[in-house]
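Participant: Residue numbers for the sequence shown follow numbering that gives the first Met the number 0, so the first one is 0 and each next one is one higher.
Ideal Cβ positions, reconstructed from N, Cα and C, are used throughout, including at glycine.
Got a structure for you, written out below as structure tokens; questions coming shortly.
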Amino acid sequence: MPIQKAAVIGAGIGGLTTAIGLRQAGVDVRVYERRTEPSRLLTGGGFMLWHNVFVALRKLALDEQVSKVGSEIVFHEFRSDRGRRLARWAIAPESRRIGAPAVALRRSDLNALLLEEAGDAVVMGAQCVGFEQDADGVTVRFADGSTDRADVLVGADGMRSAVRSTLRRGHDMAPRYAGYTAWQAIAELPGEDVVPSGTFFNLWGRGGLRFLYCRLNEQEVYWDAITSDRASAAFDMFRKDKRAVMCETYDDWPGPVPQILAATRDEAILPIDIADRPPDREPAWGHGRVVLVGDAAHPMTLNLSQGAGQAIEDGVVLSGLLAEGPDVGAGLAAYERVRRERVDAMVRGAYRIGELGKLSGPLACRARDAFMWAVFGTFAKKGTYRLMMNFDH
Ligand SMILES: Cc1cc2nc3c(=O)[nH]c(=O)nc-3n(C[C@H](O)[C@H](O)[C@H](O)COP(=O)(O)OP(=O)(O)OC[C@H]3O[C@@H](n4cnc5c(N)ncnc54)[C@H](O)[C@@H]3O)c2cc1C
Numbered sequence: 000m001p002i003q004k005a006a007v008i009g010a011g012i013g014g015l016t017t018a019i020g021l022r023q024a025g026v027d028v029r030v031y032e033r034r035t036e037p038s039r040l041l042t043g044g045g046f047m048l049w050h051n052v053f054v055a056l057r058k059l060a061l062d063e064q065v066s067k068v069g070s071e072i073v074f075h076e077f078r079s080d081r082g083r084r085l086a087r088w089a090i091a092p093e094s095r096r097i098g099a100p101a102v103a104l105r106r107s108d109l110n111a112l113l114l115e116e117a118g119d120a121v122v123m124g125a126q127c128v129g130f131e132q133d134a135d136g137v138t139v140r141f142a143d144g145s146t147d148r149a150d151v152l153v154g155a156d157g158m159r160s161a162v163r164s165t166l167r168r169g170h171d172m173a174p175r176y177a178g179y180t181a182w183q184a185i186a187e188l189p190g191e192d193v194v195p196s197g198t199f200f201n202l203w204g205r206g207g208l209r210f211l212y213c214r215l216n217e218q219e220v221y222w223d224a225i226t227s228d229r230a231s232a233a234f235d236m237f238r239k240d241k242r243a244v245m246c247e248t249y250d251d252w253p254g255p256v257p258q259i260l261a262a263t264r265d266e267a268i269l270p271i272d273i274a275d276r277p278p279d280r281e282p283a284w285g286h287g288r289v290v291l292v293g294d295a296a297h298p299m300t301l302n303l304s305q306g307a308g309q310a311i312e313d314g315v316v317l318s319g320l321l322a323e324g325p326d327v328g329a330g331l332a333a334y335e336r337v338r339r340e341r342v343d344a345m346v347r348g349a350y351r352i353g354e355l356g357k358l359s360g361p362l363a364c365r366a367r368d369a370f371m372w373a374v375f376g377t378f379a380k381k382g383t384y385r386l387m388m389n390f391d392h
């Protein structure tokens, strides 16, 4: 029998997309979110969504709305920490060929749009602490002692998912720390002359440092500074002022990096230790009537800008297959069959890029610059597009 009622845990990008898809298919769905206020979901820095995400969102008739809240990317440029251009990808022709854009946007704008679309399906202040399943359904348990019963349970509760740990009966591996920290923020920096719109800049430096930035709108620029352990350890132990740590770490980098940091408020900076889960050690994403999506299933490092993109693809595919039937078991088996290979390749690819970014010494970095100059504009671009567009919803 096709499903009638679904419970989704987590009102992040993956959970909301899944719920919107199920709702559009006529399924009675509730999204349970542990945070108490919707405003607590509207946080975070900037974000890239690539073409594949808009192809997926078209299935839910959300592609145009989402692209409108962001700023379209027309070039993706790689540079060294001396300002030397290593490669430049023309994105606009790819957008025309694929029929979908690549867009930089505020994470909070995407969350707000998805929250509004999910409407009264979202229940705030509901922390899932576990579940029990039987042949007829799943009973979800919450921290306040309440329960809910559904035909299927979707764990979209992020990297440290409660649904995942119940599914693994306490025998889950910890996420793998990638060896670097991303410090992300949005800076108030008007002026096309400092940071022009339309280009996603990706600077690779010595000492395991990188700096990514992109204009979001006329006023704001988002950035991610990726540092080796040392900078975040220095922050943890001795320093309170994150902006001072960033300015010191990047003081000899070319413009506009120092200007961007100078234009950022200290409170706006959020350091996040980057982690993933190696796909080779990963058991099935679900069992019985319970399944995982997004970071709960397959957290990946940020290097391909695809973590949220893959959470969105998960939600679109899973909701479509569950609505199609014939039953929960068939839908969940098809979901993993369709998604697993593609997502595993993304997790591995993103991890490999991160390893390249960790190179530290001047000689190794010079060799890496030469390698990037030789292959990033051609083979690396082709390979990335092949990986990104290799799907069939
Ligand atoms: C620095 C950085 C930059 C990134 N840049 C990009 C990018 O440019 N493009 C891109 O596509 N991806 C990017 N990502 C990846 C992206 O942020 C994640 O992959 C994505 O947010 C995962 O979404 P999710 O819905 O699976 O999980 P989450 O966003 O983690 O959402 C999980 C939700 O579940 C809730 N929750 C948790 N536990 C419970 C519980 N027990 N009960 C109820 N609710 C619960 C949480 O409060 C949260 O709201 C980046 C990540 C980082 C760290």
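1) Could you tell me which residues DSSP pairs with K380 in its beta bridges?
2) Using 8 Å as the cut-off, can you tell me whether the stretch 1-20 makes contact with the stretch 314-327, which would need three or more C-beta pairs spanning the two stretches below that distance?
3) If I follow the unbroken alpha helix (DSSP H) through F370, where does it start and stop?
4) Quick one: using the 10 Å Cβ neighbour count with 16 as the cut-off for buried, is R280 buried or exposed?
5) How many Å lie between V73 and V139 at the Cα?
6) How should K241 be labelled, buried or exposed, when 16 other C-beta atoms within 10 angstroms of its C-beta is the threshold for buried?
7) Give me the residue from G308, S160 and V220 with the minimum Cα distance to M388.
8) Work out the CA separation of V162 and G129 for me, nearest whole Å.
9) Would you call the CB atoms of D275 and T300 closer than 9 Å?
10) Taking C-alpha atoms, which residue in W252, L331 and F77 lies nearest to F370?
11) So which of R288, D108 and R87 has the shortest CA-CA distance to Q3?
12) Among residues of its own chain, excluding the 5 on either side of A89, which ones have a beta-carbon nearer than 7 Å to its beta-carbon?
13) Between the Cα of L362 and those of R205, L303, D343 and N302, spot the shortest distance and give me the residue it belongs to.
14) Quick check on the DSSP output: the beta strand (DSSP E) that includes R140 runs from which residue to which?
15) Which full runs of the beta strand (DSSP E) of 3+ residues lie inside the stretch 159-235, going along the chain?
16) So who's on the other strand from Q132, going by DSSP bridges?
17) State buried or exposed for T35, treating a residue as buried only when at least 16 other CB atoms are found within 10 Å of its CB.
18) Report the option in H286, D294, T377 and L331 whose CA atom is closest to the CA atom of D426.
19) If you compare alpha carbons, which of T146, R81 and G69 is closest to N110?
20) Do W203 and R87 have their C-beta atoms within less than 9 Å of each other?
21) According to DSSP, is R351 helix, strand or coil?
22) Quick check: the Cα distance between T165 and A117, rounded to an integer number of angstroms?
23) Which complete alpha helix (DSSP H) runs does the stretch 81-131 hold, if anything under 4 residues is left out?
24) Taking the C-alpha atoms as reference points, what is the distance between A394 and V28?
25) What did DSSP end up calling V26 once you bin it into helix, strand or coil?
26) Counting along the chain, where does the alpha helix (DSSP H) carrying I311 start and finish?
27) Go ahead and pull the three-state DSSP assignment for M299.
28) Which residue or residues does DSSP assign as beta-bridge partners of D240?
Facilitator: Checking against the coordinates, here is how it stands:
1) By one-based count along the sequence shown, residue 380 stands at place 381. Answer is none; K380 lacks a bridge partner.
2) yes
3) Locating residue 370 in the sequence shown gives position 371, counting from the first residue. From DSSP, the alpha helix (DSSP H) with F370 extends over P361 to V374.
4) Locating residue 280 in the sequence shown gives position 281, where the first residue counts as 1. Exposed, by the Cβ-count rule.
5) The residue labelled residue 73 in the question sits at position 74 within the sequence shown. The residue labelled residue 139 in the question sits at position 140 within the sequence shown. C-alpha separation (whole angstroms): 45 Å.
6) What you label residue 241 is simply residue 242 of the sequence shown in a count that begins at 1. Burial call: buried.
7) For the purposes of this step, residue 388 is taken as the residue at position 389 of the sequence shown. Per the Cα distances, G308.
8) The count along the sequence shown starts at 1 and reaches residue 129 at position 130. The count along the sequence shown starts at 1 and reaches residue 162 at position 163. Distance between the alpha carbons of G129 and V162 is about 6 Å.
9) Within the sequence shown, residue 275 is the residue found at index 276, counting from 1. Within the sequence shown, residue 300 is the residue found at index 301, counting from 1. Their beta carbons are under 9 Å apart, which means D275 touches T300 by this criterion.
10) Position 371 of the sequence shown, counted from the start, is the residue given in the question as residue 370. That would be F77, whose Cα lies nearest to the Cα of F370.
11) Counting from 1 along the sequence shown, the entry for residue 3 is found at position 4. For the residues R288, D108 and R87, the minimum Cα distance to Q3 belongs to R288.
12) The residue labelled residue 89 in the question sits at position 90 within the sequence shown. Once the five neighbours on either side are set aside, the close Cβ partners of A89 are F74.
13) As a working note, residue 362 is residue 363 in the sequence shown. Ranking the options by Cα distance to L362, first place goes to R205.
14) To locate residue 140, count along the sequence shown from 1; it is residue 141. Where R140 is concerned, the enclosing beta strand (DSSP E) stretches over V137 to F141.
15) 175-187, 198-203, 209-214 and 219-227
16) The count along the sequence shown starts at 1 and reaches residue 132 at position 133. The partner list for Q132 (beta bridge, DSSP) reads V137.
17) Residue 35 sits at position 36 when you count from the first residue of the sequence shown. So T35 counts as exposed.
18) Because the chain spans 0 through 392 in this model, residue 426 falls outside it and cannot be assessed.
19) Numbered from its first residue, the sequence shown carries residue 110 at position 111. Cα-wise, what sits closest to N110 is G69.
20) Position 204 of the sequence shown, counting from 1, holds the residue named residue 203. Position 88 of the sequence shown, counting from 1, holds the residue named residue 87. No, the Cβ-Cβ distance between W203 and R87 is not below 9 Å.
21) Your numbering for residue 351 matches position 352 in the sequence shown. Note: R351 maps to helix in three-state DSSP.
22) The count along the sequence shown starts at 1 and reaches residue 165 at position 166. The count along the sequence shown starts at 1 and reaches residue 117 at position 118. Cα to Cα, the separation comes out at about 26 Å.
23) 91-97 and 106-117
24) One cannot answer for residue 394 here, as it falls past the ends of the chain, which runs 0 to 392.
25) Working through the sequence shown from its first residue, we reach residue 26 at position 27. In this structure, V26 counts as coil in the three-state DSSP scheme.
26) The sequence position of residue 311 within the sequence shown is 312, counting from 1. That run of the alpha helix (DSSP H) goes G306 to E323.
27) Here residue 299 corresponds to residue number 300 of the sequence shown, with the count starting at 1. DSSP places M299 in coil when its eight states are reduced to three.
28) Taking the sequence shown and counting its residues from 1, one reaches residue 240 at position 241. D240 pairs with nothing; no bridge assigned.
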